[in-house]
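Asker: The structure is given below, and queries will be raised subsequently.
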Amino acid sequence: QWYQRRVREPAAPRTPAIRKSASANLNQDSLASAFGRGTIPRMTSQDSIASSTDSSSHDVDIQEIVRASESSSWKIREEGVHKLKTRINEERGFNTRERRLVLHLFETLLNDNHAKILGTTLDVLDEFLALYRTNLTDWGSNILAKALYLQSMKQTQSNFDRVMRLLDTLHRSFPYDLQLTWCFSILDSRQVNSNAKMKGTLLEYMSCTFEVMDLWSSYKPKRALLD
């Protein structure tokens with residue numbers, strides 16, 4: 048499990064030291080979207096005009112997945128998740144608007160009450176993070192908060208294992224100091240304060256992160272202290 052004490056790992060690429068102001072973009076509104084059922088944004092006429100140079104087949108694929116995720120039939124929703132997996136693994140990638148739609152799709156699908164759909168979504172999300180993590184630093188706090196919340200809820204054993212694997216993927220994919228910024232932001236949220244199990248898991252996650260990061264690598268004492 049991700050929170051087991053490990054031998055020191057090589058430090059991930061570092062970002063500037065943590066500052067409280069760094070969590071400005073990780074506010075309560077962004078966390079709320081992770082816990083609540085997200086509203087998938089519709090493409091407006093302005094979006095269509097702005098992206099007139101993009102391939103129209105991209106829009107069709109994503110919109111088909113959006114419609115499937117809104118279906119009352121779990122089989123159709125599951126089919127949508129499989130289409131999303133296929134789309135993620137294609138080499139053409141996503142433009143900015145499509146990536147925004149995919150992120151909202153994940154937030155919606157992670158709230159699905161059907162265990163099979165949730166499990167498939169967790170698998171696909173794990174692949175998505177592996178392929179696109181460099182473009183997801185602003186979204187990482189949302190998915191970390193959601194993963195911690197899912198871990199605190201009753202799940203089937205297979206889905207619980209998937210959630211723990213997702214947490215491990217997050218832990219390995221992003222700079223540790225950035226992850227701690229997310230953690231402090233989540234720690235301030237109303238949701239975690241009313242969920243003791245989630246708070247405990249978050250503190251374990253933070254403890255593991257502190258252990259593996261090199262706290263002294265970016266510390267430069269003043270010259271006066273050396274003389």
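In the numbering used here, the protein residues as written are 48 to 274.
For each residue, glycine too, the CB sits at the ideal point set by N, CA and C.
1. Does the separation of the CB atoms of Asn206 and Leu169 fall below 8 Å?
2. Since Val128 and Leu148 should fall inside the 8 Å C-beta cutoff, what is the C-beta to C-beta distance between them, to a whole number of angstroms?
3. Since Met245 contacts Leu195 with CB under 8 Å, what's their CB separation in whole angstroms?
4. If you draw a straight line from the C-alpha of Asp108 to the C-alpha of Val171, how long is it?
5. If we ignore side chains and look at the alpha-carbon of each, how far apart do Gly166 and Arg209 end up?
6. Whose CA, out of His161, Arg139, Ala192, Arg146, lies closest to the CA of Leu213?
7. Under the three-state reduction of DSSP, which class applies to Asp295: helix, strand or coil?
8. For Asp208, which three-state DSSP category applies?
9. Buried or exposed: which applies to Leu234, given that a residue is buried once 16 or more other Cβ atoms fall within 10 Å of its Cβ?
10. Can you tell me where the alpha helix (DSSP H) with Arg146 in it begins and where it stops?
Answerer: In terms of the structure at hand:
1. yes
2. Not quite, the Cβ-Cβ distance comes to about 14 Å (not below 8 Å), so this is no contact.
3. 5 Å
4. 16 Å
5. 7 Å
6. Ala192
7. In this structure the chain extends from 48 to 274, so residue 295 is not present and cannot be described.
8. helix
9. exposed
10. 143-156
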